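Numbering (my numbering), first residue to last: 1 to 145.
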């Protein structure tokens, strides 16, 4: 009887330890949060894109070039992918029209490809050494598969 009770206690202890380990692993996954733009209608959408991409996005201090019409920018964030090192800048605007104004004033088509895109009131810009990876990031934030 004592052996059965000890065995049962061991199983319960092991089960609790496994649940704690799984919980610790979930806590280790850091989710990107866009601080300072809480009332923007595209905030949660962009956070979802950042947190569900095939690679992890890491906050970066690297600034993009100064943009013409930068007075329209409400907030700007910089990231890079962990493995492929694609730089990504998200700039938030009051509306899509402002984002398109800045995109048109600052970017031209290069080999039928824009280095940026607009999704709602957000202009996203990507650059990197691997054009395939850059295009993947641009397509992801555009909402394309």
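Every residue, glycine too, gets a C-beta built ideally from N, C-alpha and C.
From a predicted model like this one, the values you see are computed outputs, not experimental measurements.
Of the residues the options, the one placed nearest residue i, counting alpha carbons only
i           : options             : result
residue 127 : 118, 35, 137 and 48 : 137
residue 37  : 59, 132 and 91      : 91
residue 82  : 141, 70 and 53      : 53
residue 131 : 124, 85, 42 and 74  : 85
residue 57  : 70, 80, 129 and 104 : 80
residue 61  : 70, 76 and 69       : 76
Start-to-end residues for the alpha helix (DSSP H) that takes in residue i
i           : result
residue 33  : That residue, residue 33, is in no alpha helix (DSSP H); it is neither H nor E in DSSP.
residue 45  : 43 to 52
residue 122 : Here residue 122 belongs to no alpha helix (DSSP H); instead the beta strand (DSSP E) covers 122 to 127.
residue 141 : 131 to 142
residue 97  : 96 to 106
Close Cβ partners of residue i (< 6 Å) along its chain, the five nearest in sequence each way excluded
i          : result
residue 67 : 102 and 106
residue 43 : 34 and 37
Burial state of residue i, where buried means 16 or more other Cβ atoms lie within 10 Å
i           : result
residue 30  : exposed
residue 134 : buried
residue 89  : buried
residue 98  : buried
Euclidean distance between Cα positions of residue i and residue j
i           : j           : result
residue 47  : residue 122 : 12 Å
residue 94  : residue 72  : 8 Å
residue 35  : residue 100 : 23 Å
residue 65  : residue 116 : 13 Å
residue 78  : residue 87  : 7 Å
residue 11  : residue 45  : Note that residue 11 has pLDDT 47, beneath the 50 cutoff, so the model's placement of it is unreliable and no number is given.
residue 39  : residue 108 : 31 Å
residue 55  : residue 139 : 14 Å
residue 129 : residue 41  : 32 Å
Extent of the continuous beta strand (DSSP E) run through residue i
i           : result
residue 87  : 87 to 93
residue 118 : 116 to 119
residue 78  : 73 to 81
residue 58  : 57 to 59
Cβ-based neighbour list, residue i, same chain, cut-off 7 Å, excluding 5 preceding and 5 following
i           : result
residue 141 : 49, 117, 119 and 124
residue 51  : 31 and 32
residue 143 : 119
Same chain only: Cβ atoms within 8 Å of residue i, ignoring 5 sequence neighbours per side
i          : result
residue 70 : 102
residue 59 : 32, 77, 78 and 79
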